[in-house]
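Visitor:
Residue numbers (this note's numbering), protein chains in the order written: chain V, 77 to 656; chain P, -10 to 374.
#1: Could one say the Cβ of residue 347 of chain V lies closer than 8 Å to chain P's Cβ atoms, at least one of them?
#2: Can you pull the chain V neighbours of residue 9 of chain P, defined as C-beta to C-beta under 9 Å?
#3: Taking any Cβ of chain V, which residues in the stretch 266 to 277 of chain P have a Cβ under 8 Å from it, in chain order?
#4: 8 Å is my cut-off, CB to CB: does residue 352 of chain V come that close to chain P?
#5: Please determine, among P:248, P:311, P:213, the residue with the shortest C-alpha to C-alpha distance to residue 375 of chain P.
#6: How long is the line joining the alpha carbons of residue 119 of chain P and residue 140 of chain P, rounded to whole angstroms?
#7: Compare the C-beta of residue 324 of chain V with all C-beta atoms of chain P and state if any pair is closer than 8 Å.
#8: With a threshold of 8 Å between beta carbons, is residue 227 of chain V in contact with chain P?
#9: Can you pull out the residues from the stretch 54 to 65 of chain P whose beta carbon lies closer than 7 Å to at least one beta carbon of chain V?
#10: Starting from the beta carbon of residue 195 of chain V, find every residue of chain P whose beta carbon is closer than 9 Å, and list them in chain order.
#11: Under 7 Å Cβ to Cβ from residue 585 of chain V, same chain only, skipping five residues before and after it: list those, please.
#12: Would you mind stating whether residue 91 of chain P and residue 64 of chain P have Cβ atoms separated by less than 8 Å?
#13: If you check the beta carbons only, do residue 356 of chain P and residue 331 of chain P fall under 8 Å apart?
#14: If you reduce the DSSP assignment to three classes, tell me which class residue 282 of chain P lands in.
#15: Establish whether the CB of residue 344 of chain V and some CB of chain P are separated by less than 8 Å.
#16: Going along the chain, which residues of the stretch 231 to 249 of chain V sit with their C-beta nearer than 9 Å to a C-beta in chain P?
#17: What does DSSP give as the partner residue(s) for residue 325 of chain P in the beta ladder?
#18: Give the interface partners of residue 209 of chain P over in chain V, defined as CB-CB distance under 9 Å, in chain order.
#19: Return the bridge partner residues of residue 403 of chain V from the DSSP annotation.
#20: Straight-line CA distance for residue 316 of chain P to residue 323 of chain P?
#21: On the DSSP bridge list, what partners appear for residue 230 of chain V?
#22: Would you say residue 103 of chain V and residue 124 of chain V are within 8 Å of each other, going by their C-beta atoms?
#23: Please list, in chain order, the residues of the stretch 36 to 55 of chain P that have any C-beta partner in chain V closer than 9 Å.
#24: Give me the subset of the stretch 21 to 36 of chain P whose CB atoms are less than 8 Å from a CB atom of chain V, sorted by chain position.
#25: Examine the ligand ADP and report whether any of its heavy atoms sits within less than 7 Å of the Cβ of residue 465 of chain V.
#26: Is residue 317 of chain V close to chain P, meaning its C-beta is less than 8 Å from at least one C-beta of that chain?
#27: Below 8 Å on the Cβ atoms is my guess for residue 323 of chain V versus residue 356 of chain V; work out the distance and round it to an integer in Å.
#28: DSSP beta-bridge partners for residue 147 of chain V?
#29: From which residue to which residue does the alpha helix (DSSP H) around residue 115 of chain P run?
#30: For a minimum of 3 consecutive residues, which ranges assigned as the beta strand (DSSP E) are wholly contained in the stretch 347 to 397 of chain V?
#31: Give me the Cβ distance between residue 537 of chain V and residue 515 of chain V, rounded to the nearest whole Å; I'm assuming they're in contact under 8 Å.
#32: Where residue 614 of chain V and residue 622 of chain V are concerned, what is the direct C-alpha to C-alpha distance, given to the nearest angstrom?
#33: In this structure, does DSSP put residue 534 of chain V in helix, strand or coil?
#34: So residue -8 of chain P is in the beta strand (DSSP E); what residue range does that whole segment cover?
#35: With the cut-off set at 8 Å, would you say residue 84 of chain V and residue 241 of chain V are in Cβ contact?
#36: In three-state terms, what does DSSP make of residue 251 of chain V?
This is how it looks when you write it as structure tokens:
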């Protein structure tokens, strides 16, 4: 998914477009670019988020312009691959959202006719096609060009010597904004709001031309009428698509994210030299560190490879002796501490492996090899879908390293278990958490990092002081804090530690702590000793682990909403920590 | 022009299929019913669409987001009837609007018939009028609407699609829309009946099979994924991306197969079958006239005919459905006679050699011993031994 914006009117186009692109960041934010027509085409492209790199872009001159914010799926984000793309002469600029499926064939054809391509994207072919058909009429050239395209597209085109923007769509969203002597085109209405409430929704197959005096829509060569409609929506509502918070939106995306990520890692994703290391050091921060701890448990028990999980901020200053490979995990790929650790590992000549969600982010350029999660843009500060995507990558990694085919098999359909846990009614658990000042999360083995992650989610968005402990450690201190005012979330799934967990829970119960027990469907023993029992789907420990982490996200979310917290922008926190 | 689509109700008569989705999201020919309604509006250039969500609203919103559908979402916190749902959308309505149910199929031609009428109701003939609101019309005007009467002479029923304007809210004070319309008619407002071209509703879960067959006839053919050269494909067939169709598989359309499915080797898929995404059909199985939802596994040597299989069901090997006619006593519905193979809710598990004979199995139910013939109604979460 990408976002596009176009402007023609009396204002300076670049600042309007930059502001519009920022509102479209939820559609992607790994690189962006702008072209203005003044009447020469000036282009500015940049890797990274618009919010952080907008000044230079906003300085382009001209009152006609098009812009694009990208979420790369093919071709790394780089200045070269960022839109807008130009033709050979640099006089035609194109931004595109969608996928041109026959671009390879078209590229070959155009190269034979002497066109020079500069990028690896599918979009550039559109610019050259338009150039090929251009005979002085831009609309006619675009019309001819789109007949050659297969796939999906929303296109905006501007060209030197033309006071107009040409727009076309097929199977990708595009809307026109009709202002007073100014006109807009964008992937959704958010960039237009604030300038105009009058919009025209283009239909598949439509071609539109915007000039300073008006707008026209065509089907082939026939002008057609399109109604102007009035929108009264506010920006936030559109971006969340109806969900009250990004966090909830992202929680509900998890079945698909897990499935896509899990199946996106294949044996070819991991070169042979990473398969049997003598030792693995995992470096990460926050939720990613918890995912690293899960990996440590699984890799050590399944592959018999020693794994050390280190916090990025500690690792930089207190580097342990390094052998084997160093693996870093970062959703954004920009976490400062993790980057510093990665550089240090490189200095020690260790083979490095990165796991990230953002193609072309800093870690991918430093690490020797990168594995990608397929979580899509994550907007909420509290990591949800990226954590589950990290688990998906790491679980596949264990499967590849262990060479055990049956390890991954039960996870093939974990998406179904996540779907099921989303249906779970947790109202009574929320009622217990809501008034609490302190909360304890306890688990053993695999469920210990999951308890840590659950506690982190709770504290970051509900502001309740929540701590995760290995259940056995409670007795070494924290037990003194237990009372009827300190609810405990106990993760107690069947397995080696089930019976010892049960007796731990009984001990906590004896200190009058209210217990929220999370265990397997149909558990008859746990249900009797806890105050609220929440069953977890999935008949396999690993599936239960994933389902449990999703459930704990929901618990944190619902508690925070019940407390009236600002879920998506918790106080004092930033999405990715890019300073030490 | 604006349109309001009501998608807040569960659609209890479709249980057990509505545990994890409202009826509007039940997939027919692999597409939720709601999507057909939105498409019919978009095809008529109606762009300002408001969808009222309530039951399982996150699932509806997620679907709308995933498909980049240009709609506004409005919440109905408690499901207090259709008129109440409409009132939730009232602040966003300007003048004239269409009101539609998100859980009935409607085609674009019908919308074209009604969209220019003021105060009109879209009607159709139905062989079982007593399941619906019967419309009594004389001299080209609606005289009366009788909601689910026990007996009736008339065959014309309301499709639940109306063309209205804001003055309707004066009458829409009770819980239900038909009552409000009735009040409007009594007040002397002229309401015209407009014939629908194509409208479909599934009242009971087994009706989905008929609806599935009707909509499968309209799919566009597509052959994506990897299809073994020795497989035989005839007729209208749509196969999604990433599918693997194994050797010697015989498929006779209309058949629709979603993305990422693994079918075969040596399977037979016969007409009027839709198969959701990520479904596995193991070797030597036979599926015909069925609606199979996402993430289902059908074990080898199975025979699935006239069945609705909910999301995430796992049928072990040698599972068979047995089509026969039986009389059911369903909650609120009373006795009903129906002929079909099986209706399974979500995540039903069956042991090897299970025979499903004209049964309705609840969500998460588990048939744990093989060689069992399951009939009648099995509740949610039941364990059959």
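Ideal Cβ placement from N, Cα and C applies to all residues, glycine included. Note that the structure is a prediction, hence the values are computed from the model and not measured.
Guide: According to the structure shown:
#1: no
#2: The answer, in chain order, is 495, 496, 498, 499.
#3: Listed in chain order, the positions of the stretch 266 to 277 of chain P with a beta carbon within less than 8 Å of a beta carbon of chain V are 267.
#4: no
#5: No statement about residue 375 of chain P is possible, as the shown extent of chain P runs from -10 to 374 and does not include it.
#6: Rounded to the nearest angstrom, the two C-alpha atoms are 7 Å apart.
#7: With 8 Å as the cut-off, residue 324 of chain V counts as an interface residue toward chain P.
#8: no
#9: For the stretch 54 to 65 of chain P, which is checked against every Cβ of chain V, the residues closer than 7 Å are 54, 57, 59, 61, 62.
#10: Using a Cβ-Cβ cut-off of 9 Å, residue 195 of chain V is close to nothing in chain P; its nearest Cβ partner there is about 25 Å away.
#11: 591, 605
#12: Result no, Cβ atoms of residue 91 of chain P and residue 64 of chain P do not sit closer than 8 Å.
#13: no
#14: coil
#15: no
#16: 248, 249
#17: P:317
#18: Under the 9 Å cutoff, chain V gives no residues; its nearest Cβ is about 13 Å from residue 209 of chain P.
#19: V:358, V:429
#20: 10 Å
#21: Residue 230 of chain V is bridged to V:173, V:245.
#22: Going by C-beta atoms, residue 103 of chain V is not nearer than 8 Å to residue 124 of chain V.
#23: 36, 37, 40, 42, 45, 46, 47, 48, 49, 50, 51, 53, 54, 55
#24: Identification of residues in the stretch 21 to 36 of chain P having a C-beta nearer than 8 Å to some C-beta of chain V yields 31, 34, 36, given in sequence order.
#25: No copy of the ligand ADP appears in this structure; indeed no ligand is present at all.
#26: yes
#27: About 31 Å separates the two Cβ atoms, so there is no contact after all.
#28: Beta-bridge pairing links residue 147 of chain V to no other residue.
#29: No alpha helix (DSSP H) contains residue 115 of chain P, which DSSP labels as neither H nor E.
#30: Segments of the beta strand (DSSP E) lying fully in the stretch 347 to 397 of chain V: 356 to 360, 383 to 387.
#31: Not quite, the Cβ-Cβ distance comes to about 13 Å (not below 8 Å), so this is no contact.
#32: 9 Å
#33: Correct three-state label for residue 534 of chain V: helix.
#34: -9 to -4 is the extent of the beta strand (DSSP E) around residue -8 of chain P.
#35: yes
#36: strand
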